[in-house]
Each structure stands twice: as structure tokens, then as C-alpha cells.
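This report concerns only the one structure given below.
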Amino acid sequence: MRILQVNEIDLPGRRFNGYDLQLMLNKKGYEAKQLVCNKMSRDKNVISFLPTQSDFFIRELCKRFEEKVSLQSVIYPYGELMKDMDEFKEADIVHYHLIFNHFMSMYSFKDLVQTKPSVWTLHDPWALTGHCVHPIDCDGWLTGCHNCKHLERYSPLTRNSAHSIWEIKRQIYSQIDLDIVVASNWMLDLVKRSPLTSHFKNIHLIPFGIDTNIFKKKNNVEELRKKEEISKDSFVIMFRQDDQEWKGLSYIKEVLSNMKKSEKIVFITVGKTGLLDEYKDKFKIIEHSWINNPEEMVKLYSISDLFLMPSVAESFGLMAVEAMSCSLPVIVSEGTALPGVTFAPDCGIELKKGDTKEFIETILRLISSPEECTSRGKRSRKLVEKHYNIERYNKDLINLYKEILKRNKSNSKRIK
1 MRILQVNEID LPGRRFNGYD LQLMLNKKGY EAKQLVCNKM SRDKNVISFL
51 PTQSDFFIRE LCKRFEEKVS LQSVIYPYGE LMKDMDEFKE ADIVHYHLIF
101 NHFMSMYSFK DLVQTKPSVW TLHDPWALTG HCVHPIDCDG WLTGCHNCKH
151 LERYSPLTRN SAHSIWEIKR QIYSQIDLDI VVASNWMLDL VKRSPLTSHF
201 KNIHLIPFGI DTNIFKKKNN VEELRKKEEI SKDSFVIMFR QDDQEWKGLS
251 YIKEVLSNMK KSEKIVFITV GKTGLLDEYK DKFKIIEHSW INNPEEMVKL
301 YSISDLFLMP SVAESFGLMA VEAMSCSLPV IVSEGTALPG VTFAPDCGIE
351 LKKGDTKEFI ETILRLISSP EECTSRGKRS RKLVEKHYNI ERYNKDLINL
401 YKEILKRNKS NSKRIK
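Per full-length UniProt numbering, the sequence shown starts with residue 1, numbered consecutively.
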């Protein structure tokens, strides 16, 4: 079985963008490769669409043109190039991931899917909307994204062409048949409700998996805390520091503004830095830039007592699962994939969006109740081992590939 993974980049997001999948598949004796625009690894099984500097220049020109005329994923030529590549011709199955990050035309995508048995993992709802990655509180994606009132949302438009883009997607999807993979029940619900994708017959729920042998609480917590200059009796709260609208940092800022000053509470952040400077005279805030090394992330999870993920839009929430695997209780917001992913209320704690009072009260309750933190943390670990382990994820995908090939072979016989 020959499987081709296709994504915009290889190493960032490698666990679920196809890079680690091709490593796993090759290790198990299958033939797997990955096609990307931006190759950062030295892996011989990863091939770049853009081998020369001039190719990157052409890509940038396409990007600027689409931004100017308010189009998305219409004119990029790399899908056409892909049809003539040996890696595509030799593949039995092509698995697409984040393919519309400025490198593939939707029209080329249609031709590719019509040529080979295909899987498409929807990592976010962009495929269902007129332009935005997350519609958040907007239901326009259900009726055609007419007169979009949120042109500034990522990916932004300078003109109100959201309905035109939505209509292009409708026309493209109506002409293709492929297997859709989503990682959460929340995304599954969106795909089934969308007028663009509800006709697809083969939609699969395959939650992402993590290596629970890596993501587990360290035993030397006291030693690790000393390295971060955190006292033994401090209550450590960890979260992602990100200024993207849907990540919920504004809610955390409201919490920091309204909570009483405390030397006992320590905040650890990962991601961007410098967004919380105004609160550093009130709380100890330890900032880390984005960390790609899982072992380093595990150290931070291990010295923490609580993980916050109050995103207003989230299609899975990998960091929440990582935190749970390290035996942390997790606070999440309603209306996203997170309550389901964290098994709230039995495990994760679900809060109303924007309810600062409830947010603060919940944090203070957990600070004063180490028994609840420990209990929820233990449940978190067990649920991750059962539902989100990497072996289960890999097995489910391999079984899907086999099912597709079997189905395709059966269909070919019927046609003959």
C-alpha cells in the first residue's frame, strides 16, 4: 500500500499534518511519502513543490494577487504540478491535510480527487465557510455567507466576496467523492450540517492521538519547579498565550484584572510573549516562546496544577489533551469542541463564554481543593489513555486506508 500525505509544511504540526504519519507508515512496512511546499526536514521521503527560490517568488505573487482581489485558493498552480509528479502517480491513496494555505487551487483539488482515492482531514471549519477559519458565533456558513459581517476574521478579505468563495466550494464539492476525517464530534456535527459537505457519504470520526509514554507527569516536580524559580506551595496555572481572536486570551486578561493580587498563584504561558506585561506587578508570570520539543512541554505541564483553554472556537484542542495526559484538570469554554474532547463535566470543567465571575470562582475553588484537582487529573489521564493514544489513532487510519482501497477495488469490478 502506497500512501501520499499532502500538506503545506512538514515539521510544524508534524504529529497530524502527515509528517509523523509517513514515518509511522514506513516503519510498519508501507510505502509512504509527503508532498509539501515548505520542506524543513531532511527526510528523503518528504518532497517539496517549491525546490527553487523562483518558485517561492511565484507563490508570493499568487498570494498577493488573491489578497488584492479577495479570493482564496483559486489560482495557485501547485496542484496542477502535483498531477505530473511520480509520487502522486504511484500512490494508491492520497491523504490531504492543510492544503489551502496558499498553495493549492480548489479547482486543482477537484481534479486530483477525481484521479485518486482520497482522504481529507478537516483540521478546522475553513472548508465550510466563505473565508474564515472559525465562524465563531456566525451562522452565515449554513446559508451561503451572504454579506459577511466579519471580513477581518482570519483568513481576512478586503472585499465582501465571501459568498462567491462559498459558492466555489459548493460547486467543487458537488463534483467530488472522498473520505472526510474529523477529530471531534463538534467538527463532525458541523460537517453534517453544512450544505457544502452534508452529501458526503464517508465521514469518519478519528480523534487525534498522542504518545502517552511521553506525555505523562514527571516525578521530579519539585526539582523542575526550582529551575523555574517556583516555590513548592505555589499554585501554577498554565495556558497558551496567543492573540488570535478565538484563543480566548481576552477572557484570561479579564480574570487577571479582576483577581486579587497573590504571591501564591503563578502563571506559565507558552506561545507569544509580552501580551501580559500589565499584570506582572500583580502575579508572577513566566513566559515561554513556542516549544516544539514534547519533552520540554511535558516539564511545564508537570509543574502546573491547572490548565486553561478558554477558546471561543476550537475544533479539537491538542494542548488540552496533552495537559490531561499529564494528569492536569482543564478549564474550557462552552460552544467549542473542547467540552466533548475533555469529557466535561465529569473530567474537564466547562464554563460559559465571557463569564469572568464564574471563571475566577472556579479557579479559586480548585486552588482551595487539591483533592478535586488530583481527582480530575487522574480521570484525565485514564481518559486520554483510552481515547487519545497514538497507537489507536495510527490503527484507525491504517484501517481506513485499507477500507478505501477495498471499496475502490469493489467499485472498479462493478464498473467492469
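From the three backbone atoms N, C-alpha and C, an ideal C-beta is built for every residue, glycine too.
query                                                                                                                 : result
Enclosing beta strand (DSSP E) for A162 [first to last residue]                                                       : That residue, A162, is in no beta strand (DSSP E); its alpha helix (DSSP H) goes A162 to Y173.
Coil, strand or helix - G29 by DSSP                                                                                   : coil
G317 vs V341 beta-carbon contact at 9 Å                                                                               : yes
Reduced DSSP secondary structure (H/G/I, E/B, other) of V266                                                          : strand
Backbone secondary structure at K416 - three-state DSSP                                                               : Reliability of the predicted coordinates at K416 is poor, the pLDDT of 49 falling under 50, and no value is obtained from them.
Whole-Å CB distance - S70 paired with L157, under 8 Å assumed                                                         : 4 Å
Alpha-carbon to alpha-carbon, D84 and S250                                                                            : 47 Å
Beta-carbon spacing of S48, Y19 below 9 Å                                                                             : no
Endpoints, the alpha helix (DSSP H) within which L364 is located                                                      : T356 to I367
Identity of the residue in N292, R159, L405 and K217 nearest S380 by Cα                                               : K217
Per DSSP, the bridge partner or partners of Y96                                                                       : V6 and W120
Contact the stretch 99-119 vs the stretch 168-175: 3+ CB pairs below 8 Å                                              : yes
For E67, the three-state DSSP class (helix, strand or coil)                                                           : helix
Three-state secondary structure (DSSP) of D137                                                                        : coil
Distance, E314 Cα to L98 Cα                                                                                           : 16 Å
Buried or exposed (CB count within 10 angstroms, at least 16 for buried), K154                                        : The sequence given here places Tyr at residue 154; Lys does not occur at that position. Classification of Y154: exposed, given that the 10 Å Cβ count is below 16.
Secondary structure of N411, DSSP reduced to three states                                                             : helix
Every unbroken beta strand (DSSP E) within the stretch 181-220, with a cutoff of 3 residues, ordered by chain         : 203-205
CA nearest to the CA of G79, picked from C138, E350 and V94                                                           : V94
Where N38 falls: helix, strand or coil (DSSP)                                                                         : strand
Span of the alpha helix (DSSP H) around V341                                                                          : L338 to V341
F65, buried or exposed, once every other Cβ within 10 Å from all chains shown has been counted against 16             : exposed
Residue closest to H387, alpha-carbon to alpha-carbon, out of V181, F208, Q5 and L196                                 : F208
Where the beta strand (DSSP E) through F239 begins and ends                                                           : F235 to Q241
Cα-Cα separation, M106 to V74                                                                                         : 6 Å
DSSP three-state assignment for I252, whether helix, strand or coil                                                   : helix
Which of helix, strand or coil DSSP assigns to H387                                                                   : helix
Pair within 9 Å by beta-carbon distance, R14 and C37                                                                  : no
Residue burial classification, F57 (beta-carbon count within 10 angstroms, cutoff 16)                                 : exposed
K110 in three-state terms, based on DSSP                                                                              : helix
Span of the alpha helix (DSSP H) around M319                                                                          : L318 to S325
Nearest candidate by alpha-carbon position, reference W166, set D211, G144 and P125                                   : G144
Alpha-carbon spacing of W246 relative to L351, whole angstroms                                                        : 15 Å
For F88, the first and last residue of its enclosing beta strand (DSSP E)                                             : Looking at the DSSP string, F88 is not in any beta strand (DSSP E); the run it does join, the alpha helix (DSSP H), is D86 to E90.
Neighbourhood of R193 by C-beta distance below 8 Å, restricted to the same chain and skipping five residues each side : L142
Extent of the continuous beta strand (DSSP E) to which M309 belongs                                                   : L306 to M309
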